[in-house]
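One structure is given here, and the rest of the page talks about it.
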Amino acid sequence: MAKQVTIDAKGMHYTPLNQQIRKAIEDGIDEIVVDNVLGQRFIGNGLRGNTIIRVNGVAGGDLAMFMSGPTVIVSGNAEHAPGNTMDSGKVVIHGSAGDAVAHSMRGGKVFVRGDIGYRGGIHMKQYETQRPILVVGGSAQTFLGEYMAGGLLLVLGLDGVMKAREIGSGIHGGEIVIRGDVDEACLAAGAKKLPLTDEDRARIAPVIREFAADFGLDPEPLVNADYTRIVPASARPFAGKYTWE
Amino acid sequence: MCGIFGVMDKRRQMMDGSGIREALSMMNERGSGEGAGYVAYGIYPDYRDCYALHVFFDKACESKAVIDATLEQWGTIEHDEAIPTCDQPGLRVNCTPWRYFFRPDASLAPGSATPEKDVVTNLVMQINAGANGAEVVSSGKNVGVFKSGGAGSWPEAVADYYRIQDYEGYIWLAHNRYATNRPELWERPDPFNLHDWSVVENGKTTTYGANRRYVESFGYNCSTGTDSEVIAYLIDLLVRKHGLDINLAIRALAPPYWDEIDRMPEAEQNLNRALRFAYGSATMNGPFTVVAANPDMMVGFTDRGKLRPMVVGECGDRLYIASEETAIRAMEPNVESIARPAAGEPVIGRVAP
């Protein structure tokens, strides 16, 4: 039988809170429910294994940083940089998140039902089988996929028009897929638009289905929608910026 | 880093400082414990028609007589007293906070549209520029700044030192400092105030030198070397002296990029080009979020590249602006809306007339 524990985080500093979470995992707990979370930082940092951590409230900055394995489910919003340099596992945020979501992420999945702030997916990267995935249900802001080096960044735009500009500024790897058309003027220098091929769609369909299942959405209209795929125009976007022939 | 917080009640319902202390302390991680401060509007109803001058004396026995004499030259001191304080363990006190309730002599600024404020401005510049062991840290009607720097200046310690729970205001700004230089000076942390306007900032403007030279060319004197001092003077210059609407003033300080202007309708292009040409030297660059207030409004805006966070909450008549959502929820657990405005979308809340 799955072992569950509940921690009341009301008024608690993040250090004892994260110590309690770590202790629960050492004790072999399968599911940790943390109630009354109000901005405690670093929840899930560096944790391994396959525990489920339910964060009830608003998660503080750097949620699941360096995490490798567990699943973190946040009922409310998250502050800056959830999934920072995350290695594997999954973060599911039912609200919105701040700036620099999935900062330097190197594996696993970050799903945000609402909006994300500026610089979403900044410097996401991939290596061999490690391929991070960030999916945003709402909209993203400017500098989406900045310096992106790998992985998949998918924006579904379920709640209105996205205002992001300078998309893919400095992108040199990975792909940004956005539902609907994206105005060429919103792309940064060094990023280019491509149509989504059947092969691309087959690749993102399971991700869309998983996202839809997590948030109780109907997946098929999303799987069949029109998407714009944004990829690096070159592997060295700033080749001519700091050095001259 | 740095954490900032602002709250305004549109119907001037008073809030004591305890909730603000709670909210700011949620963001202790954003500070270094070397500076924090608060400013509140509406705290001196008994002296509402006087300019409240909060002054830090290095040595009251040496400096106070000099400042008394200076003030008597420029107007009348209605009342003055030490600001009540309560020593805190670990907070090193290196000055004596004092307050004057002062009536400037308007006849000393003939021809000015705002003579009292010109007198107060001159007075503040004169005292702060002089090596007199005194620094005016706030100078507005019915408003006061409470701040300290140096080791032990965490938000809670500063709040308890000044007993801010004993003050009631309808607008509060608060700042938790991550000190990068001269942390020991008490006048250094935000908030910064010049009569009507108070400013808290999270960030570092890379255009500090250009902005300072510009504002000093109009007679302001920047004595502390901090961004928020320059920003407070810039806002006073643009709004009070140049008569710009606050929207336009913010657009002058943090204007759209040229390529954004190129895509605007023609009339808007012309306005924005004119603003950028006229106020090129006032344009602030680098990472920043600024929250500013005067007796009638609270405003928040960020740098154009959005390198610092700004979260806005609303609940009933209350408007909140903070670095982190949790600071707002600490004070207002049932906040009705939370938003993260885009760069270039200033948040402006006005008090009902």
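Line by line, the protein sequences give chains Z and L.
Each residue of the first sequence is one higher than the one before, starting from 1 at the first, in UniProt numbering.
Each residue of the second sequence is one higher than the one before, starting from 1 at the first, in UniProt numbering.
Built from N, CA and C at the ideal position, the CB exists for glycine as well.
Spatial neighbours of residue 179/Z in its chain, beta-carbon cut-off 6 Å, leaving aside the 5 residues before and after: 156, 157, 225 and 227
Best match in 335/L, 318/L and 295/L for proximity to residue 45/L [C-alpha to C-alpha]: 295/L
Limits of the alpha helix (DSSP H) - the one that residue 228/L falls within: 227-235
Residues from the segment 57-85 of chain Z in contact with chain L, defined by Cβ distance under 7 Å: 58, 60, 77, 79 and 80
Cβ pair count under 8 Å reaching 3, the segment 136-144 of chain L against the segment 46-60 of chain L: yes
Cβ of residue 204/L within 9 Å of any chain Z Cβ: no
Contact list for residue 330/L against chain Z, beta-carbon separation under 9 Å: 38 and 39
Test: residue 260/L CB closer than 9 Å to a CB of chain Z: yes
CB contact below 9 Å: residue 142/Z versus chain L: yes
Residue 254/L versus residue 27/L: straight-line alpha-carbon distance, rounded: 26 Å
Continuous beta strand (DSSP E) stretch holding residue 315/L: start and end: 311-315
CB of residue 105/L within 9 Å of CB of residue 124/L, strictly: no
Test: residue 305/L CB closer than 9 Å to a CB of chain Z: yes
Partner residues on chain L for residue 280/Z, Cβ-Cβ distance less than 9 Å: Coverage of chain Z is limited to positions 1 through 245, which leaves residue 280/Z absent and any answer about it impossible.
Those residues which DSSP pairs with residue 168/L across a bridge: 16/L
C-beta atoms of residue 323/L and residue 309/L nearer than 9 Å: yes
Inter-residue Cα distance where the pair is residue 143/L and residue 42/L: 6 Å
Residue 117/Z at chain L interface by Cβ criterion, 9 Å: yes
Contact belief for residue 39/L with residue 191/L at Cβ below 8 Å, rounded distance in angstroms: 4 Å
Same chain, Cβ closer than 6 Å to residue 105/Z, five either side skipped, listed in chain order: 83, 86, 124 and 132
Assigned exposure category for residue 121/Z - 16 Cβ within 10 Å defines buried: buried
Test item: CB-CB of residue 97/L and residue 109/L under 9 Å: no
CB contact check: residue 327/L to chain Z, cutoff 9 Å: yes
Minimum Cβ-Cβ distance from residue 168/Z to chain L less than 9 Å: no
Residues bridged to residue 141/Z [DSSP beta-bridge criterion]: Note: residue 141/Z sits in no beta bridge, so no partner.
Buried or exposed by the 16-neighbour rule on C-beta atoms within 10 Å, applied to residue 13/L: exposed
Cβ neighbour criterion (16 or more within 10 Å) applied to residue 147/Z: buried
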